[in-house]
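Here's the structure we're looking at; comments come further down.
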Amino acid sequence: ESPQDSAITRDINRTFPAHDYFKDTGGDGQDSLYKICKAYSVYDEEIGYCQGQSFLAAVLLLHMPEEQAFSVLVKIMFDYGLRELFKQNFEDLHCKFYQLERLMQGISVIFNVALGLLKTSKDDLLLTDFEGALKFFRVQLPKRYRSEENAKKLMELACNMKISQKKLKKYEKEYHTMREQQAQQEDPIERFERENRRLQEANMRLEQENDDLAHELVTSKIALRKDLDNAEEKADALNKELLMTKQKLIDAEEEKRRLEEESAQLKEMCRRELDKAESEIKKNSSIIGDYKQICSQLSERLEKQQTANKVEIEKIRQNVDDCERCREFFNKEGRIKGISSAKEVLDEDTDEEKETLKNQLREMELELAQTKLQLVEAECKIQDLEHHLGLALNEVQAAKKTWFNRTLSSIKTATGVQGKETC
1 ESPQDSAITR
11 DINRTFPAHD
21 YFKDTGGDGQ
31 DSLYKICKAY
41 SVYDEEIGYC
51 QGQSFLAAVL
61 LLHMPEEQAF
71 SVLVKIMFDY
81 GLRELFKQNF
91 EDLHCKFYQL
101 ERLMQGISVI
111 FNVALGLLKT
121 SKDDLLLTDF
131 EGALKFFRVQ
141 LPKRYRSEEN
151 AKKLMELACN
161 MKISQKKLKK
171 YEKEYHTMRE
181 QQAQQEDPIE
191 RFERENRRLQ
201 EANMRLEQEN
211 DDLAHELVTS
221 KIALRKDLDN
231 AEEKADALNK
241 ELLMTKQKLI
251 DAEEEKRRLE
261 EESAQLKEMC
271 RRELDKAESE
281 IKKNSSIIGD
291 YKQICSQLSE
301 RLEKQQTANK
311 VEIEKIRQNV
321 DDCERCREFF
331 NKEGRIKGIS
341 SAKEVLDEDT
351 DEEKETLKNQ
361 LREMELELAQ
371 TKLQLVEAEC
381 KIQDLEHHLG
391 LALNEVQAAK
401 KTWFNRTLSS
411 IKTATGVQGK
421 ETC
């Protein structure tokens, strides 16, 4: 809250009352003007609010928004020395008025314009009283110089005025001399009382600032203590999470080693089974090759024997045909006439030999079928082992990826939480 709130409210209604933007009580213009004056009185406690500041703020509001108007007002007051006019009971302002009164010609543009306004408005001012002069400066004078022509005439008049720097310094010294004489003529008790009041006000202001700073310090300490406690809690939580992550990492590494060992064992077992299956296949292939070779040899021997028997039979038949005595015992087919016993014996020998050959052939076919069956079983076992090997490799790869993803996710989560808490 501003201690000059009542003075600000009183002056708002008297600031440019004829202007459309400020004439409505409670309107946007007066509301913005009140906010700026009150904000500056709180911002600059040494000066606070003084009469005349509302006019400066009102002019700024006509050209820019509230925030920019306040910033420009602060800039003008502090950086351009306007604040000095309001300090020490308007001491510097009275000095400037005294210089203006003695010169009636300005040392700067402000003095030039002020003198120009006074010259052009001299007749009107001489016809009015104090209240009328104030109203003239607030209402009639701004309206007169809204036109570009009147403004140019005023600036030409102001620029044509000559200022003497020596005279200005002389008047300043005269003013300070006059003030010193007034101070010497003044009752010391009143002067000391006034100085005492000023010092008391300054002391109260400094005490208030000290209390505000102490309160701010205590608040800052409490906030820092709270932030420190929160940071320590977060650090403890992060340490616990880090320990849990390390333990998970150790467990994952152990799981990885176990899976690698199992994978190595599976690979070794699969390698042994594959070697065994390959040896079985080679053995069966060798047996099949030997069987085929034996069958081929037996077929060749059988064909040779049949060919030899045919040749021998043909020779015997030829000899029998050539011999007249033998021709009586054999017919045209070469069979013996009248001797049935010999025929039966010969037939029995031939049948036994055929049966023996058939038995050998059946045994070879059975052995070939068994060999083929073993070969098929070996191939099926190899396929089964290859399938188990693929499943084991997939499980190992999935376990590795799962462990790596869990570890990477834990590290990312821990890093993200720590980055957020740091921000």
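The opening residue of the sequence shown carries number 1 in the UniProt record's numbering; numbering runs sequentially from there.
Cβ atoms here follow ideal geometry from the backbone N, Cα and C, with glycine treated the same way.
Note that the structure is a prediction, hence the values are computed from the model and not measured.
CB contact flag (residue i, residue j, <8 Å)
i	j	result
Leu134	Tyr145	no
Asn112	Cys37	no
Ile281	Leu373	no
Leu368	Tyr291	yes
Leu385	Glu273	yes
Gly116	Leu157	yes
Leu389	Leu266	yes
Arg191	Ala183	yes
Gln99	Tyr171	yes
Ser121	Leu93	no
Cys270	Met364	no
Val139	Ala18	yes
Exposure of residue i, with buried meaning 16 or more beta-carbon neighbours within 10 Å
i	result
Phe16	buried
Leu60	buried
Ile8	buried
Phe70	buried
Asn196	exposed
Tyr175	buried
Lys96	buried
Ser41	buried
Ile12	buried
Asn284	buried
Leu85	buried
Gly81	exposed
Gly29	buried
Ala151	exposed
Phe130	exposed
Ala114	buried
Met77	buried
Ser341	A caution first: Ser341 carries a pLDDT of 46, below 50, which makes its placement in the model unreliable, though a value can still be read off. The residue in question, Ser341, is exposed, as its Cβ has fewer than 16 Cβ neighbours within 10 Å.
Lys315	exposed
Lys420	Confidence at Lys420 is low in this model, with a pLDDT of 47, below 50, so the placement of that residue should be treated as unreliable; the coordinate-derived value is given next. By the 10 Å Cβ count, Lys420 comes out exposed.
Gly106	For Gly106, the predicted model reports a pLDDT of 40, less than 50, meaning its position is unreliable and no value from the coordinates is stated.
Arg10	exposed
Contact belief for residue i with residue j at Cβ below 8 Å, rounded distance in angstroms
i	j	result
Leu33	Ser2	Wrong, their Cβ atoms sit about 14 Å apart, outside the cutoff.
Leu73	Ala58	Not quite, the Cβ-Cβ distance comes to about 11 Å (not below 8 Å), so this is no contact.
residue 425	Lys35	Nothing in the structure corresponds to residue 425, since the chain is present only between 1 and 423.
Gly48	Gln4	5 Å
Glu45	Arg205	6 Å
Leu137	Asp124	The residue you asked about is not Leu; residue 137 is Phe in the sequence shown. Going by Cβ atoms, the distance from Phe137 to Asp124 rounds to 10 Å, so no, they are not a contact pair.
Thr356	Ile288	Not a contact, Cβ separation roughly 24 Å.
Continuous alpha helix (DSSP H) assignments of at least 4 residues falling wholly in the region 92 to 163: 109 to 120, 122 to 126, 130 to 135, 141 to 144, 148 to 160
Ranges of the alpha helix (DSSP H) found wholly within the region 32 to 57, counting only runs of at least 4: none
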